[in-house]
Amino acid sequence: MANLSAPEMFDNQAVTKNWKMLSAWMPVPELGVLPVNSFLLRGREALLVDTGLGMLADDFLERLESEIDLEDLKWIWLSHMDADHIGNLRSLLNAAPNARVLTNFLGMGKLNLAGFDVSRVHLIDQAGVPDIAGHNLAPVRPPYYDAPETIGFFDRDDGVFFAADSFGALLPNVVQDLASVSDADLADGLSRWSAIDAPWLSLVDKGAFSRNLAGLKRLDPAIMVSSHLPVARHGISEMTEIITKAYCGDAAIVADPLSVDHLLRSFAA
Ligand SMILES: [Fe+2]
Ligand SMILES: [Fe+2]
1 MANLSAPEMF DNQAVTKNWK MLSAWMPVPE LGVLPVNSFL LRGREALLVD
51 TGLGMLADDF LERLESEIDL EDLKWIWLSH MDADHIGNLR SLLNAAPNAR
101 VLTNFLGMGK LNLAGFDVSR VHLIDQAGVP DIAGHNLAPV RPPYYDAPET
151 IGFFDRDDGV FFAADSFGAL LPNVVQDLAS VSDADLADGL SRWSAIDAPW
201 LSLVDKGAFS RNLAGLKRLD PAIMVSSHLP VARHGISEMT EIITKAYCGD
251 AAIVADPLSV DHLLRSFAA
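This is the structure in structure tokens:
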């Protein structure tokens with residue numbers, strides 16, 4: 001099972017020439033291990049996507065500072081406001097005085113409720129996404145998610161699709177390379193994580209969901225990065241098939257045991 005007893009950070013990895021991944025992994029008792037990734041677009045206007053685990057603050061900031069001077073950090077893209085995505089936001093806003101936060105209206109509202117200074121927020125849904133270091137990041141809602149403010153993006157310049165929490169997978173062990181995960185472990189890990197993180201998926205319209213997943217295949221990004229999966233350089237189509245099979249087939253394999261429908265059926269039994 002998991003070769004990890006506590007959350008830990010691992011070496012930064014190159015995603016493309018411009019993108020780097022800051023990688024942590026955390027043990028999930030009885031279920032395996034889960035990556036928790038942040039991403040850095042280096043350049044004259046550096047952008048950080050999500051801020052890692054607060055319990056690993058010192059290590060996270062050290063690994064970030066090994067890549068850039070925090071004075072040069074101009075943007076912090078928050079995919080959503082879950083603790084594993086904003087863990088070091090407060091420290092970063094202090095340590096990176098020129099950084100502005102990219103989120104949408106609901107995301108800003110949640111930050112405000114959590115006591116953050118929202119004067120440094122740039123609203124994606126009103127002002128759009130600024131051109132960042134020559135990259136045009138097209139905002140996109142990932143195929144599934146666990147918080148309604150979730151916003152991913154497609155970087156057309158580098159062909160990188162950021163999927164936020166979707167396509168996360170619980171895996172048996174920490175791995176550097178997704179290619180070293182067996183097909184069976186990947187299918188199992190994707191299904192189990194999606195059922196935990198987005199239990200409503202078993203109730204969605206199968207046609208609409210499968211069309212959205214097929215859209216990702218047509219978009220055909222060169223690379224997909226998820227907050228909770230090693231970098232995917234191949235097999236994106238196969239992963240969309242796994243999720244499609246789990247939720248959209250005639251014999252969908254994942255159901256929510258806490259749905260109202262399930263409760264009613266248990267009364268009738
Ligand atoms: Fe989340
Ligand atoms: Fe997450």
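Per UniProt numbering, the sequence shown starts with residue 1, numbered consecutively.
All residues carry an ideal CB built from backbone N, CA and C; glycine is no exception.
Query raised in the report: By DSSP, does Pro230 sit in helix, in strand, or in coil?
Result: Within the sequence shown, numbered from 1, the residue matching residue 230 stands at position 230. Strand.
Requested in this report: Compare the beta carbon distance of Gln167 and Pro221 with 8 Å and say whether it is the shorter of the two.
Outcome: As a position in the sequence shown, residue 167 is number 167, starting the count at 1. As a position in the sequence shown, residue 221 is number 221, starting the count at 1. Looking at the sequence provided, one finds Phe at residue 167 rather than Gln. Their beta carbons are not under 8 Å apart, which means Phe167 does not touch Pro221 by this criterion.
Query raised in the report: residue 272 by DSSP, collapsed to three states: which one?
Result: Nothing about residue 272 can be reported from this structure: the residues present for the chain run from 1 to 269 only.
Requested in this report: Kindly list the residues whose CB is nearer than 6 Å to the CB of Ala2, restricted to its own chain and excluding five residues on each side of it in sequence; keep chain order.
Outcome: What you label residue 2 is simply residue 2 of the sequence shown in a count that begins at 1. Residue confidence is low: Ala2 scores 48 on pLDDT, short of 50, so the model does not pin down where it sits. No coordinate-derived value is stated.
Query - 6 Å CB neighbourhood of Phe10 in its chain, flanking five on each side removed - result: On the sequence shown, position 10 is the one that residue 10 refers to. Within the same chain, Phe10 has close Cβ partners Ser23.
**Report entry** Sequence-distant residues of its chain with Cβ nearer than 6 Å to Cys248 (five each side left out)
**Finding:** Walking along the sequence shown from the start, residue 248 turns up at place 248. Same-chain partners within the cutoff: Lys206, Phe209, Ser210.
Query raised in the report: Among all residues, which have a Cβ less than 6 Å from at least one non-hydrogen atom of ligand 1, and in what chain order do they fall?
Result: His80, Asp82, Asp146, Ala147, Asp165
Query raised in the report: Would you call Gly115 buried or exposed, if buried means 16 or more other Cβ atoms sit within 10 Å of its Cβ?
Result: Your numbering for residue 115 matches position 115 in the sequence shown. The residue in question, Gly115, is exposed, as its Cβ has fewer than 16 Cβ neighbours within 10 Å.
Query raised in the report: Would you call Pro230 buried or exposed, if buried means 16 or more other Cβ atoms sit within 10 Å of its Cβ?
Result: Counting from 1 along the sequence shown, the entry for residue 230 is found at position 230. Burial call: buried.
Query raised in the report: If you draw a straight line from the alpha carbon of Ser5 to that of Asn37, how long is it in whole angstroms?
Result: Here residue 5 refers to the residue found at position 5 when the sequence shown is read from its first residue. Here residue 37 refers to the residue found at position 37 when the sequence shown is read from its first residue. Answer to the nearest angstrom: the Cα atoms are 18 Å apart.
Query raised in the report: Should residue 271 be counted as a contact of ligand 2 given a C-beta to heavy atom distance under 7 Å?
Result: In the structure as shown, the chain starts at 1 and stops at 269, and residue 271 therefore has no counterpart that could be examined.
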